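To start, the structure under review is shown below, and the notes come after it.
There are 2 protein chains.
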Amino acid sequence: MDAEIIAVGSELLTPFRKDTNSLFLTKKLNELGVEVIFKTLVGDRLEHIKNAVLQALTRVDLVLIMGGLGPTEDDLSREAVAGALDLELRRDNEFVAELHKRFASRRMAMPENNARQADIIAGAIVLPNPRGTAPGQWISGSFDGREKILMLLPGPPHELEPLFEQQVMDRLRQRIPQSFIATRLLKVAMLPESQLDSRIAPIYTRQPLVETTILAGPGAVEIHLRSRADALETAQHRVDKLAGQIEDELDDFIFSTQGESLEQIVGYYLQMRGASIAVAESCTGGLIGERITSMSGSSRYFAGGAIVYSNELKTEFADVPAKLIKEHGAVSREVALSMAQGIRKRCHASIGLAVTGVAGPTGGTPEKPVGLVFHAIADDESADVVERRFPGDRERVRWWASQQALDMVRRKLM
Amino acid sequence: MDAEIIAVGSELLTPFRKDTNSLFLTKKLNELGVEVIFKTLVGDRLEHIKNAVLQALTRVDLVLIMGGLGPTEDDLSREAVAGALDLELRRDNEFVAELHKRFASRRMAMPENNARQADIIAGAIVLPNPRGTAPGQWISGSFDGREKILMLLPGPPHELEPLFEQQVMDRLRQRIPQSFIATRLLKVAMLPESQLDSRIAPIYTRQPLVETTILAGPGAVEIHLRSRADALETAQHRVDKLAGQIEDELDDFIFSTQGESLEQIVGYYLQMRGASIAVAESCTGGLIGERITSMSGSSRYFAGGAIVYSNELKTEFADVPAKLIKEHGAVSREVALSMAQGIRKRCHASIGLAVTGVAGPTGGTPEKPVGLVFHAIADDESADVVERRFPGDRERVRWWASQQALDMVRRKLM
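Respectively, the protein sequence lines represent chains A and B.
All residue numbers for the first sequence refer to the numbering used here, where the first residue is 1 and numbers rise by one.
All residue numbers for the second sequence refer to the numbering used here, where the first residue is 415 and numbers rise by one.
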């Protein structure tokens, strides 16, 4: 079955707001084997919403209208769908009474407008909203000789998501020919997308029953695998088999096979090994510490660190000899190694991690160009350094550098 | 004039990808006085793209089709638009020769498929692509008795944006009845949206000729003002007047009147005062340092800092007496103040900034619940501390805390 999502709200047509809700709906629909083939974003205008609903009915059998169910005069989805289907809109007085009760329980008088949320399209099934006052509505019937389903859903994610899980998923399951979808997500660090694709394209193109989507971001590439079958085992077997073949090819470039983030994986390994880590950051300015501590419970393995932006602080907090900086420069292999060893000792951690480089856009020289970063890792036995030249702007260079540094921790503990 | 944006690409119908390109197009169109009234997202299927183009032509006079211009067999926008308009698609042999030349200059042979990028719709104006091989196309003519404009635009932002600026803006300006739009953006720190709205709603509702959009994020609210008029001065006067009234009401809660970020404003003030800053971060784990150093040139005012996650490091790097921590606990007013004073001295900075709190979700107690954060700022004369209890998850608590800390720097230097 094919679906169209219509997101209603004038804010979605401004330069400021992205539509993110439809990603949740797409994921849930895909799980049922439903494909979203169109998404339409439309403002809070009656004629435009009506137009979008009518267009959608010409091209799909399942139409999800999201937003425009609130109490204000801008909330027009109910009227628009009733108008498009030429059905009556009736105020449900029992529901109005319930709304009054809800407000009373919070010792508030209900604004008159709110009664609009009790307007129900003739023949619709009401979908109770566990987190808000506006219920969803489910309408099914024959349009132009085909069985179609339309539904009205609330816009705010914290209302939409539980309502969809509790009220919609089972209803849809009963109406959709049984099919199962299995998915896998592999994440790869520090391998450019083009190299990755040329290595795995010969593998995934041999498996047309698995849909492979490759999404690249700075320092990480995601490989999404997805297969649909009449039995879950069949679908699962297909994606697992392909995932295994890709893992064999990419080997330790893959850092995650269950959707984990790199900071999560680094945290797992540190805990598993009973290790602790300290960071000395120059050009990343705190980003590596921020990423490690973004994980709940990171105090078990993160000792702390220093943001050693100036030469003096590299000496003060990470015991880098001033002479070393003078000889080699702050952005150098030698200083990176000394920072990693120094911060490790100062923080009494088992592992020291350090980064020094030129994030740009200014500060580059012919010998030390923008994007040049040295990453060092040290434990009580050895120390390693990796030199990289990253492309892109300040934000990307810093992200790549943090990614490289965290990946070095992963590889050391793996 | 009303416009519809059609974004083409199957990845936009997955649960993984948001459409962000259309925000750029919306911004530029709004500047010309064009409203986007529909956005449609469609996959790489010929019939679906054709369908979307035909639907768009029934409801707007300006249709922008973005994406699907690449060299692969999935890139079908040219064929779809030619099909929808019943126009011929002709291969431009001069352009094919130029493509061959481009590849030759990089010492590569052109893959046969690439010649598809030279397929031009009959009557279209070719819009050269300064950053890629696929040109845009501009088609105008009468459809169903109305003058309409369609254009094909490349999907990648770094190709789309310069092409649109250089090739499309002036052409559109000549076709659109002259009107001018003025905008202003005010940013407000640490004031909840509901409080903000109840203070300024009486002001902006009196000015219906300015469209006011309020967008809330953690620790900051944006107030977007926008007005359209026949003369730029009229529009500008309206938004400036309203902005002035809102500034009077919200006073020093407003941190930015020209779109600047909080870290940018903090950077301005520090430079203007010839001051420097050092940070001691506990629960934010490096986030404040990361935000300050995200600005290019921040080495002029950012001395450095320490991520003092453990009690020992609070003493080691920020000179917090161990006794003080024992007496008051690491999350306390006293320790926050001591951290700010200590890090200031250790980094030889004029201002010390410190944060200690419970980011959660674990680690809370009845006396020190999750979300409790102490923020301190110190210079050579005085020190202040602010206690807050933030709502939300770990990420939000940490973001709020960094926002509060940076806002304290702004208020101190203002």
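The C-beta atom is built at its ideal place from N, Cα and C for all residues, glycine as well.
Owing to the predicted nature of the structure, the values given are computational and were not obtained by experimental measurement.
Within 8 Å (strictly less), CB to CB, does residue i reach chain A?
i               : result
K562 of chain B : no
S796 of chain B : no
T707 of chain B : yes
Y723 of chain B : yes
A523 of chain B : no
F578 of chain B : no
R504 of chain B : no
V830 of chain B : With chain B covering 415 to 828 only, the question about residue 830 of chain B has no answer from this structure.
K782 of chain B : no
E730 of chain B : yes
F509 of chain B : no
F452 of chain B : yes
F716 of chain B : yes
Considering only DSSP beta bridges, list what residue i is partnered with.
i               : result
H224 of chain A : A:L185 and A:T213
H375 of chain A : A:V355 and A:V386
E4 of chain A   : A:F38 and A:V63
V734 of chain B : Answer by DSSP bridge pairing: none, since V734 of chain B is not bridged.
E561 of chain B : B:S556
Q137 of chain A : A:V126 and A:L152
F430 of chain B : Its beta-bridge partners do not exist; DSSP assigns none.
F180 of chain A : A:A229
Tell me the residue span of the beta strand (DSSP E) that contains residue i.
i               : result
E748 of chain B : No beta strand (DSSP E) holds E748 of chain B; the alpha helix (DSSP H) holding it covers R747 to R760.
I49 of chain A  : Here I49 of chain A belongs to no beta strand (DSSP E); instead the alpha helix (DSSP H) covers L46 to R59.
Q394 of chain B : The structure shown does not extend to residue 394 of chain B, since chain B is modelled only from 415 to 828, so the question has no answer here.
L541 of chain B : I539 to L541
E695 of chain B : I691 to E695
D119 of chain A : D119 to I121
With 8 Å as the threshold, decide whether the Cβ of residue i is near any Cβ in chain B.
i               : result
R197 of chain A : Correcting the residue identity first, residue 197 of chain A is Asp in this sequence and not Arg. Chain B contact via Cβ: absent.
T365 of chain A : no
G9 of chain A   : no
P15 of chain A  : yes
S179 of chain A : no
I288 of chain A : yes
V42 of chain A  : yes
S296 of chain A : yes
S299 of chain A : yes
A376 of chain A : no
T133 of chain A : no
For residue i, count neighbouring Cβ atoms within 10 angstroms of its own Cβ and tell me buried if that reaches 16, exposed if not.
i               : result
T434 of chain B : exposed
A511 of chain B : exposed
M522 of chain B : exposed
T205 of chain A : exposed
N113 of chain A : exposed
T707 of chain B : buried
D488 of chain B : exposed
R146 of chain A : exposed
M583 of chain B : exposed
R418 of chain A : Here chain A covers residues 1 to 414 and nothing more, so residue 418 of chain A does not appear.
R803 of chain B : exposed
R640 of chain B : buried
K18 of chain A  : exposed
M414 of chain A : exposed
Span of the alpha helix (DSSP H) holding residue i?
i               : result
Q403 of chain A : R394 to L413
E508 of chain B : N507 to S519
I200 of chain A : E193 to Y204
G718 of chain B : Taken as a continuous stretch (DSSP letters only), G718 of chain B belongs to no alpha helix (DSSP H), being part of the beta strand (DSSP E) at F716 to I721.
F255 of chain A : Per DSSP, F255 of chain A belongs to no alpha helix (DSSP H); it is in the beta strand (DSSP E), I254 to S256.
A82 of chain A  : S77 to L85
E247 of chain A : L232 to L250
E502 of chain B : Taken as a continuous stretch (DSSP letters only), E502 of chain B belongs to no alpha helix (DSSP H), as it is neither H nor E.
G132 of chain A : First-last for G132 of chain A: undefined, no H or E at that position.
V266 of chain A : L262 to M272
Against chain B, which members of the stretch 199 to 233 of chain A pass a CB distance test of less than 7 Å?
From the stretch 199 to 233 of chain A, only T213, L215 and H224 have a Cβ closer than 7 Å to chain B.
Return the residues of the stretch 44 to 64 of chain A that lie within a Cβ-Cβ distance of less than 8 Å from chain B, sorted by chain order.
Taking a C-beta cut-off of 8 Å against chain B, the contacting residues of the stretch 44 to 64 of chain A are R45, H48, N51, A52, Q55 and R59, listed in chain order.
Identify each residue in the stretch 432 to 450 of chain B for which the Cβ-Cβ distance to at least one residue of chain A is less than 8 Å, and report them in chain order.
K432, D433, T434, L437, F438, T440, K441, N444, E449 and V450
May I ask you to list, following chain order, the residues of the stretch 332 to 354 of chain A that have a beta carbon less than 9 Å from some beta carbon of chain B?
Of all residues in the stretch 332 to 354 of chain A, R346, C347 and H348 have a Cβ within less than 9 Å of some Cβ in chain B.
Any C-beta of chain B within less than 8 Å: which residues of the stretch 386 to 412 of chain A qualify?
R394, E395 and R398
Mind checking the stretch 243 to 260 of chain A against chain B and listing, in chain order, the residues whose C-beta falls within less than 9 Å of any C-beta there?
none
For the stretch 476 to 499 of chain B, which residues have a beta carbon sitting closer than 8 Å to at least one beta carbon of chain A?
none
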